[in-house]
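*Asks:* I have a structure here, written as structure tokens, and I will follow up with some questions on it.
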Amino acid sequence: METRLEVRLREPNPLFTRWLERWLREAERRQQKSQFKLRQALEALKSYPLPLSSGRDCSILRGFGGTLCQLIDEELRQHRGLQLVAREEAPVVQEHYEQQVQQVIRQVQEHQKRQDKKPKPRKPTKKELLEQAALEERERVVEMQPGGFQLLLLVDTQETSGKNKRVLDQTRSYLESLGARHEVRRLTIGDFLWIAQDAQGNELVLPYIVERKRMDDLASSIRDGRFHEQKHRLQQSGLENIIYLVEDYGDNEQLGLPLDSLQQALANARIQTGVQVVRTENHYRSMSYLAAMSRSLGQIFASKRLYSVQRGTLDKSICVLTDSRLGLLKFRALYEDSAKNAQLTVREVFVQQLLQLHSLSLDRAMSIVERYPTPRCLLDAYAECPDAKQAGLLLARIPCGPLERPLGEKPSQCLHEFYTTHFR
Amino acid sequence: MKYVRMVIDTGFMGIPLGQEMLQQLNSTDLKYEIRTLPVSYCILWERNVGQRTIALGTSPTGLDETWKRENQVVQWLSEYDFQKAVKDQSLVCLGPRLQASFPDCQYTVALTKLRHSKHGSSAGQDALIEMQLLQKLHVEQLNHPESQDFLAFLQRYTKAIAEAPYKKQRNETLGSFKKYLANDKKQCVRVDQGNGYGRLWQQHLNRLPQVTLEVAESIIAQYPCPKKLLDHFSSDPMAVQSLADLKIKRCNGPQPLHTERRIGNVLSSKLYTLYNAKDPNTLI
């Protein structure tokens, strides 16, 4: 990149300047009239950026009359030892000047090189600023004193069986008629949450999360496997008390699964996952329960002091009964973390792909993924094998399942062929 | 189920519910024992861990089986006792009392279903909620006929407890996966001497939520095997872009409101990530 340099000599005419200064001092001392003109000439000379080679050249400047120029030339002659080389000196002076300029250019170039080697402190981009701000927000500790916050029930926008607006409106009208202070929001986890809000707008989440399930919903989610996924996500949320609000669907007759299976699934959830199960007869009773819960929570938490914690440091057992000071998650943090949890990872897709092969059971697929967590890892391993035969047997000896049985040659070769040959 | 038995408090024998329940219990194959427990009307569970210790005197075989206590306790509360406790506010003692006698367990209180007052809430309801919130007790409300409902409830619990260790192991591995995996077994592909790879490839592609039938078919038309797609990714520096521009063949023919006839950048980069990422936790 080209840079424009402006080179100015600090003292382009040191000699002439000295002389003029000397003469000026003398004139001032002797109170001569010439001092005024001298002063003018000196100023002009000082302002002039180029070197002048003789008194005659000075005549272009203000204040330099014929007499003064002659005086300078005289002085110059004496200075040079009676050798006046007026014209020939010009190129020498010019050359000297050029040399000096070159020197300056070199210095500037070297300086620039040094600058380039040092990493320049970049101005943070807008995205980086936002990320920084978000991180600070997360880390900032929030404290709420008793009386300094209000509880609010959050209702998920999508929470309804059937997911239509009519049911959401019904939810809201029931809650309103029951006097439960609530707000509809998009939640990334759960159907109902409680937050403590303070005057500054901070929001801490109470350690209770409610998932409302009508019996027909429950049945279909068990059948397509969402039930387990949801349970797991609820466990991962960091909210300790998971409550399944299970609502009857008519007389629970046509559910798609036998009632007994559903009840067993709920018992399993209680015992194996530690989930609270609350049964209600209808939508209104469910909302009534939530409203009552809001009231109870309001009473319980009125005297508590709350502070924010991050999920890693969340104390596993908050005893709402005895602790006067409780560590809670920030709503924003919970929202973002849960949203991330809902996304698929490469590992998960890979396992699902492997399972598509009939001869691969869950145990076998898991064992493969333990060693080669992504398709790329497996493919690279294949590439590193000395020949195709070895590659085909790469997975054959992997121990699978609690009995540690080897995967087997057939599935191993099958996978190898699938990934590495042009079968069509 | 063979290895788990219930331990029932002797108190049950003295009440009609208990007697009915025990009668019905005998016609099932659930194992149980009756003992006097520190708290009346409680039920515990024990698991046979298989060890045998030499008994002194009592056992007919000369050997005793070792039973390990499970961490579940059910306490039955009669309607009368419950209402009384609500009135004199002694319900708060329920949890601590159970904890003192049976430490480190999960406690469930079984009681007769409460009648709902017309106003929607009652002292009973609120008391139950407080029990759940403050004392972390589980509550099971029993329908009529109580003894039958209670027995069915106990059966479910027994089954859940019996299966708990096996499920725990499974859930630990499965739990980290978003979609429940075992379900997919119905659609899986049998590969027989190289036949079926095509369908397998299609099913692989379908694992991505964005891949519809038409999308899958369009990809397969261009890349009939994974190797072709992988070669494309490794050889072409603009691979993601050219894949994104791949046209989707719509079954319905050209339609007036056509938005996406391309695979698109999002799906294309997801596919690229899937087959090139080395970090298994990379989000897709």
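These protein sequence lines are chains A and B, in that order.
So the first sequence is numbered by the numbering used here: it starts at 59 and just counts up by one.
So the second sequence is numbered by the numbering used here: it starts at 234 and just counts up by one.
Virtual Cβ for every residue (Gly too), placed ideally from N, Cα, C.
Please name the residues in the region 502–514 of chain B whose beta-carbon is closer than 8 Å to at least one beta-carbon of chain A, in chain order.
*Replies:* Those residues of the region 502–514 of chain B that come within reach of chain A (Cβ to Cβ, closer than 8 Å) are Thr506, Leu507, Tyr508, Asn509, Ala510, Lys511, Asp512, Pro513 and Asn514.
*Asks:* Among B:Leu361, B:Gly247, B:Leu433 and B:Tyr399, which residue has its Cα nearest to the Cα of Ala350 (chain A)?
*Replies:* Ala350 (chain A) has its Cα closest to that of B:Leu361, out of B:Leu361, B:Gly247, B:Leu433 and B:Tyr399.
*Asks:* From the beta carbon of Gly350 (chain A), is the nearest beta carbon of chain B less than 8 Å away?
*Replies:* Just to set this straight, residue 350 (chain A) is Ala in the shown sequence, not Gly. Answer yes: the Cβ-Cβ gap between Ala350 (chain A) and chain B drops below 8 Å somewhere.
*Asks:* Could you check if Gly220 (chain A) is buried or exposed, using at least 16 other CB atoms within 10 Å of its CB as the buried criterion?
*Replies:* Annotation note: pLDDT 46 at Gly220 (chain A) (below 50); position unreliable, coordinate value reported separately. Looking at its Cβ environment, which holds fewer than 16 other Cβ atoms inside 10 Å, Gly220 (chain A) is exposed.
*Asks:* Determine the closest residue to Glu201 (chain A) out of A:Ser117, A:Gln334, A:Val367 and A:Leu188, with distance taken between C-alpha atoms.
*Replies:* Ranking the options by Cα distance to Glu201 (chain A), first place goes to A:Val367.
*Asks:* Which first and last residues belong to the alpha helix (DSSP H) in which Leu366 (chain B) is found?
*Replies:* Segment Ala356 to Gln368, the alpha helix (DSSP H) holding Leu366 (chain B).
*Asks:* What's the call for Gly259 (chain A), buried or exposed, on a 16-neighbour Cβ count within 10 Å?
*Replies:* That one is exposed.
*Asks:* Indicate the three-state DSSP secondary structure (helix, strand or coil) for Phe207 (chain A) in the structure shown.
*Replies:* It is a strand residue.
*Asks:* Identify the residues that DSSP records as bridge partners of Asn281 (chain B): which are they?
*Replies:* Paired residues: B:Trp300.
*Asks:* Which residue or residues does DSSP assign as beta-bridge partners of Ser334 (chain B)?
*Replies:* Paired residues: none, contrary to the question.
*Asks:* Tell me whether the beta-carbon of Glu266 (chain B) lies closer than 8 Å to the beta-carbon of Glu303 (chain B).
*Replies:* In this structure, Glu303 (chain B) does not lie closer than 8 Å to Glu266 (chain B) by Cβ.
*Asks:* Against Pro433 (chain A), what residues of chain B qualify as contacts under a CB-to-CB distance less than 7 Å, listed in chain order?
*Replies:* Per Cβ cutoff of 7 Å: Leu507 and Tyr508.
*Asks:* Grab me the residues of Phe245 (chain B)'s own chain with a C-beta within less than 6 Å of its C-beta, minus the 5 sequence neighbours each way, in chain order.
*Replies:* Gly251, listed in sequence order.
*Asks:* When the distance is taken between beta carbons, is Gly121 (chain A) closer than 8 Å to Ala99 (chain A)?
*Replies:* The answer is yes: Cβ separation under 8 Å.
*Asks:* So which of B:Asn439, B:Ala510, B:His437 and B:Lys480 has the shortest CA-CA distance to Ser467 (chain B)?
*Replies:* Of the candidates B:Asn439, B:Ala510, B:His437 and B:Lys480, the one whose C-alpha sits nearest the C-alpha of Ser467 (chain B) is B:Ala510.
*Asks:* Around the Cβ of Pro249 (chain B), are there at least 16 other Cβ atoms within 10 angstroms (buried) or fewer (exposed)?
*Replies:* Classification for Pro249 (chain B): exposed.
*Asks:* Cβ closer than 7 Å: which chain B residues qualify as neighbours of Val404 (chain A)?
*Replies:* Result: Thr506, Leu507, Ala510, Pro513, Thr515 and Ile517.
*Asks:* Let me confirm a value: Val409 (chain A) is counted as buried when at least 16 other C-beta atoms fall within 10 Å, else exposed. Which label applies?
*Replies:* Buried is the call here.
*Asks:* One question on the structure: do Gln321 (chain A) and Ile300 (chain A) come within less than 8 Å of each other, judged by their Cβ atoms?
*Replies:* Cβ distance not < 8 Å, so Gln321 (chain A) and Ile300 (chain A) don't count as in contact.
*Asks:* In whole angstroms, give me the CA-to-CA distance for Glu442 (chain A) and Glu450 (chain B).
*Replies:* For Glu442 (chain A) and Glu450 (chain B), the distance between alpha carbons rounds to 32 Å.
*Asks:* Measure from the C-beta of Ser354 (chain A) to each C-beta in chain B and report whether the shortest distance is under 8 Å.
*Replies:* Chain B, which has a Cβ nearer than 8 Å to the Cβ of Ser354 (chain A), makes this yes.
*Asks:* If Leu413 (chain A) sits next to Cys458 (chain B), beta carbons under 8 Å apart, how far is it from one beta carbon to the other, in whole angstroms?
*Replies:* Contact flag wrong, Cβ pair sits at about 19 Å.
*Asks:* Just to make sure I have the definition right: I need the residues of chain B whose C-beta is within less than 8 Å of the C-beta of Leu437 (chain A). Which are they?
*Replies:* Simply Leu463 and Tyr508.
*Asks:* Taking C-alpha atoms, which residue in A:Phe207, A:Ser279 and A:Leu262 lies nearest to Val23 (chain A)?
*Replies:* Summary: the structure shown does not reach residue 23 (chain A), with chain A confined to residues 59 through 482, and so no result is reported for it.
*Asks:* Using a Cβ-Cβ cutoff of less than 6 Å, which residues in the same chain neighbour Phe335 (chain B) once the five nearest sequence positions on both sides are dropped?
*Replies:* Same-chain partners within the cutoff: Val306.
*Asks:* Determine contact between the region 158–169 of chain A and the region 60–69 of chain A, defined as no fewer than three beta-carbon pairs at a distance below 8 Å.
*Replies:* Taking 8 Å as the limit for Cβ pairs, the verdict is that the region 60–69 of chain A does touch the region 158–169 of chain A.
*Asks:* Arg337 (chain A) and Val304 (chain A) - do their beta-carbons sit closer together than 8 Å?
*Replies:* Contact: yes.
*Asks:* Note down the Cα distance separating Met424 (chain A) from Glu462 (chain A), rounded to an integer number of angstroms.
*Replies:* Going by the C-alpha atoms only, they are around 12 Å apart.
*Asks:* Are the beta-carbon atoms of Arg330 (chain B) and Val272 (chain B) separated by less than 8 Å?
*Replies:* Going by C-beta atoms, Arg330 (chain B) is nearer than 8 Å to Val272 (chain B).
*Asks:* Are there 16 or more other CB atoms within 10 angstroms of the CB of Gln357 (chain A), so buried, or fewer, so exposed?
*Replies:* Exposed: under 16 other Cβ atoms inside 10 Å.
*Asks:* Over what stretch of residues does the alpha helix (DSSP H) that includes Gly450 (chain A) continue unbroken?
*Replies:* Segment Ala446 to Gly450, the alpha helix (DSSP H) holding Gly450 (chain A).
*Asks:* When DSSP builds the beta bridges, which residues end up paired with Leu375 (chain B)?
*Replies:* According to DSSP, Leu375 (chain B) bridges with B:Thr345.
*Asks:* Quick one: Cα of Glu133 (chain A) to Cα of Asp115 (chain A), how far?
*Replies:* Spanning the two alpha carbons is a distance of roughly 14 Å.
*Asks:* Mind the definition here: the region 386–394 of chain B touches the region 381–388 of chain A only if three or more C-beta pairs lie below 8 Å; say whether that holds.
*Replies:* These segments do not touch.
*Asks:* Over what stretch of residues does the alpha helix (DSSP H) that includes Ser105 (chain A) continue unbroken?
*Replies:* Segment Ser92 to Ser105, the alpha helix (DSSP H) holding Ser105 (chain A).
*Asks:* If we require 4 or more residues per run, which alpha helix (DSSP H) segments fall completely within the region 377–465 of chain A?
*Replies:* Counting whole runs of 4 or more residues, the region 377–465 of chain A contains the alpha helix (DSSP H) stretches 389–399, 404–413, 420–429, 433–442 and 446–450.
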